[in-house]
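Numbering (full-length UniProt numbering), first residue to last: 1 to 685. For glycine and all other residues, C-beta sits at the position ideal for the given N, C-alpha and C. None of these values were measured; they are calculated from a predicted model. One structure below.
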Amino acid sequence: MKDSNSNNSSKKTIKDQQLDQFTVDNDGKDLTTNQGLRVSEDEHSLKAGVRGPTLMEDFHFREKMTHFDHERIPERIVHARGFGAHGFFQVYESMKAFTRAKFLQDPSTVTPVFVRFSTVAGSRGSADTVRDVRGFATKFYTEEGNYDLVGNNMPVFFIQDAMKFPDFVHAVKPEPHNEIPQAQSAHDTFWDFVANNTESVHMVMWAMSDRALPRSYRMMEGFGVHTFRFVNEQGRAHFVKFHWKPVLGTHSLVWDETQKLAGKDPDFNRRDLWEAIESGNYPEYELGVQMIPEEDEFRFDFDILDPTKIWPEELVPVRLIGKMTLNRNTNNFFAETEQIAFHPGHVVPGIDFTNDPLLQGRLFSYTDTQLSRLGGPNFHEFPINRPIAPVHNNQRDGMHRMTINKGPVSYHKNGIAGNTPAPVPGEYGGYEHYTEKVEGRKVRERSDSFKDHFSQASMFWNSMSEVEKQHIVSAFQFELGKVQRKEIRQQVVDVFANVDGELATRISEGIGTIPPQKSGSASSLVSPALSMMNTVKLPLTRKVAVLAGNGYSDELPFVLTQLQQAGVITEIVSAKLGIIRGKTSGELEVKHSLLGADSVLFDAVLVAGGTLSVSELLSEPKVLDFVREAYQHYKPIAAIDEGVNLLPSASGDGIVTAREGDDLKSFGQSFIGAIAAHRHWLRTV
Ligand code: HDE
C-alpha cells in the first residue's frame, strides 16, 4: 500500500500549501491576548485585594471567558459525528470521452482531497460503532473549483423524495419527548416510519446487514447514491453512478463486538483511521463509475433515477477510473473536520445533476444548513473550504467576512471595472448546465416507475450468504425487540413478507408476532457483488493481540517477524506493562496490560508458547475471557505449544496451532491466511 504514489504522498499539495498560510504553531511563543498584547500572568483574575471581587476592567479575563463561552457551534443536524483526513486523487486514464471534468483528464494531475466519514443518527459525542449508515464525503479541490462527492457507505437511501427527509430524520433520531435512544434505530418511531413508508424497505435491508457495522473506515465502500451526469466536450451525456472501492476490501464487525466497543473504545473507527495514517498505512480507495448512455435511460426494469435502486454491477459494470489516498491527519479537528462544509451542488464542468427528486432537494439543503451551523454566508472563506481556484464575484459583506474586496464595483453589469469580473463562456471553462429538455405539469406526485419497493430488497436478500442472512434476521429481531408497540412489530413483519416470506417468518420468530401469511419472494434476482463474502481478502494492517509473558517460547519472535512482513500489526498484551523476556533470549515491550485491553480491540489473537509465559498470563484470570471472546467473535486464533491450553477449542475454523517440531513457516502462513479471511463463520460458538 505504501509504495504506490510514494512521491506524491510525501509532497505538499496546493491545498496543503494554502492551509499552511493559516496554520499557527504556538510552540515556544509568547502568550498574548487576541489583540496581540503580551500578557504577564494567566492564572489569576484581576481583583481588588487578594480576597476581593474581580474588576470589570479585567479585559484579559473577559476575553478569555467570552471566547470560551462561545466555543461551541451547532452540530450537524445529521452526520454530527465524523472524522476526516487529507489526501489526494489521481485518475488512471483520461475520461475525456465521457466528461470534460479537468481533474479526470490526465493521470499526472494530482487533486488534493479532504474526506469526512461519519455516522448519521448520533450526536457528536456518540459511539463510532453503532448500527448506522456511514457518510463518506469527499471534497476534491480541483483547479476548476471544489467538487464534492457527498456519499454514504450504502448505495441506496431510505426515501425517494427530499420532501420526506425531515420526517425520516425525526423518526430515526432520539424521540423528542425524552431524547432516547441515542444513535440507535432500535425504537418505535423509526420502525413506525418504516412500516408506513415502504420506500424505505430496500435501504432497511442494508441497514440491518453487516454493512452498518464497518470494521474500519478504511474497509468500507462509498457510493454517490444518486444518478449524476457526465457531460463531455461535445455536450454528449452519460448517466453515472459513483463508487469508492476500498483497496483493503469491505469488512465488518460482529454485532456483539460493536456493542462492547461502544463502551471500551467509543472512538474505535476514528482511532483506527488516525493510527493508520500516522503509521504510514495510507487508506486507499479506487473510484469506480457505472455509466449508462442517455439513450438507454428506459432500458431497465427499474427507474435509473430512483435513489432506492441500485444498478446491479453485473448489469452495468463498475469501471475503476482512479485512486484516492488519504495520507495526512488534520492539525485541528474543529478548524478542519468540523468546519468543512460539503454540498452535492458543488460541481465542476463535466459533472451535472439529474431529476432524481432526492438529489434535487439536497441541492437546496446543504447551503441552507451551513448558515445556521457555521453562522453566516461566508463559510466558503474558512481555510478548509477555500477552493484552490481563484474566487472573484460581486458578493460582499455578511457575518465573518474575511476577504478585502477592493474598489467601488460590486455589481454586474458595470462600466467602471470594464464589466469584470466577467462570465466565462463554456468553451473556455465556464460552467454550463446540461440543456436537458424538460416539460410537464406542476404536480405533487411520485412517478409510477418509483413504486416497486420490494424487488431490489429481495435481490439483496437473495444475494447474501447464509451467515449474512442470519445476521440480518438477528438485527431485525434485536431492533424490533426494542419496539414497545406490538402492532408496529407486526406491521414490520407483514411489510417484509413482501420482500421474502422466509425472511419475514424468520424475523417473526421470537418477537411475539404472528408469522406472515405471505410466502415467496418479490424477485429471484441475485447480485453476487452485494455479498461481503465476495470481497478482497488481505491480511494488511489487521491488528493481532499477542498474548505472552516472561519465558515465552523461542518460536514467538520468528512468527512475529513473519506476520509483520505480511503487513500485520502485532501488539504484545501481557499481565503487566513493561518488558518481558524470552525463555532463552530476547525481550519484547508490552503494549497493553490485560487489564487495559480487550479482544474486541483486535482482529486476531496469537498465544505464545512457554510454560512460564502461560502461567504468568493465567495470573490475570481475564486472559481466558480474552481468548474466549475472540473465539465467539469468529476471529482467527493461533497458539504455539503450551499456549494452546488457553484456547476454548484446540481446533476449528480459523484456529491454527503449532506444536514443538512443527514447521513454523507454514504455521505462520496459515495464520496469515486466517487473518486475511477476517472471520471464521463455520466455527461453532
Ligand atoms: Fe445528507 N445532509 N441529506 N445525505 N449528508 C447533511 O448537511 C440532506 C443524503 C450526507 O461530512 C447535512 O452539512 C437531505 C443522501 C453526508 O459534513 C444536511 C437529504 C446522502 C453528510 C443534509 C439528504 C447524504 C450529509 C447536515 C435528502 C448520500 C455529511 C449537515 C434529500 C448520498 C457531510 C450538512 C459531512 C449531511 C441534508 C440525504 C449524505 C442537513 C435534505 C441520500 C455524507 O444538509
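Use the C-beta contact count for Phe364: other C-beta atoms within 10 angstroms, 16 or more gives buried, fewer gives exposed. exposed
For the beta strand (DSSP E) that Phe117 lies in, which residues bound it at each end? Thr111 to Thr119
Indicate whether the contact test is met: 3 or more Cβ pairs, each with one atom in the stretch 296–316 and one in the stretch 154–162, closer than 8 Å. yes
Between Ile277 and Val91, is the Cβ-Cβ spacing less than 8 Å? no
In the structure shown, what three-state DSSP assignment does Asp20 receive? helix
Any heavy atom of the ligand GDP closer than 7 Å to the CB of Arg229? What this structure holds is the ligand HDE, not the ligand GDP.
Beta carbon of Leu287: closer than 7 Å to some heavy atom of the ligand HDE? no
Please list the terminal residues of the continuous alpha helix (DSSP H) segment that includes Trp244. Segment Ala237 to Pro246 is the beta strand (DSSP E) holding Trp244; no alpha helix (DSSP H) there.
Kindly indicate which three-state DSSP category Glu468 falls into: helix, strand or coil? helix
Opening and closing residue of the beta strand (DSSP E) in which Ile569 lies: Ile569 to Ser574
I'd like the list of long-range same chain contacts for Gln564, defined as Cβ closer than 8 Å, with 5 residues on each side in sequence excluded. Thr570
Ignoring anything shorter than 4 residues or poking outside the stretch 538–568, list the alpha helix (DSSP H) runs there in chain order. 555–565
For the beta strand (DSSP E) holding Arg229, just list the boundary residues, first then last. Phe228 to Val231
By DSSP's criteria, Tyr285 is part of a beta bridge. Which residues make up the other side? Pro246 and Met324
Is Ala48 helix, strand or coil when you go by DSSP? coil
Per the DSSP calculation, Glu589 is bridged to which residue(s)? Ile579
Beta-carbon spacing of Thr584, Asp603 below 8 Å: no
Under the criterion of a Cβ to heavy atom distance below 7 Å, does Ala341 qualify as lining the ligand HDE? yes
Note down, in chain order, each residue of its chain lying with its Cβ closer than 6 Å to the Cβ of Ser670, except the 5 sequence neighbours on either side. Val656
Considering only their Cβ atoms, is the gap separating Thr142 from Thr111 smaller than 8 Å? yes
Kindly indicate the opening and closing residues of the beta strand (DSSP E) around Val225. Taken as a continuous stretch (DSSP letters only), Val225 belongs to no beta strand (DSSP E), as it is neither H nor E.
Exposure of Asn394, with buried meaning 16 or more beta-carbon neighbours within 10 Å: exposed
The ligand HDE heavy atom lying under 7 Å from the CB of Ser126: no
Return the CA-CA distance between Leu261 and Tyr634, expressed in angstroms with no decimal places. 16 Å
When you measure from the CB of Leu104 to every non-hydrogen atom of the ligand HDE, does any distance come out below 7 Å? no
For Phe353 and Pro621, the rounded distance between their alpha carbons: 60 Å
Taking the beta carbon of Ser118 as the centre, do at least 16 other beta carbons fall within 10 Å, making it buried, or is it exposed? buried
Tell me the rounded alpha-carbon separation between Arg134 and Thr258. 14 Å
Look up His380 in the DSSP assignment and say whether it is helix, strand or coil. helix
If we count the other Cβ atoms within 10 Å of its Cβ and call it buried at 16 or more, is Phe22 buried or exposed? exposed
Tell me whether the beta-carbon of Gly224 lies closer than 8 Å to the beta-carbon of Leu305. no
Do Val120 and His79 count as a contact pair if the criterion is CB distance below 8 Å? yes
Given a cut-off of 8 Å on the beta-carbon distance, is the pair Val614 and Val627 in contact? no
How many Å lie between Ile488 and Ile511 at the Cα? 11 Å
Inter-residue spacing [alpha-carbon to alpha-carbon] between Val544 and Val605: 5 Å
Can you tell me which of Asp256, His343, His238 and Pro266 puts its alpha carbon nearest to the alpha carbon of Asp296? His238
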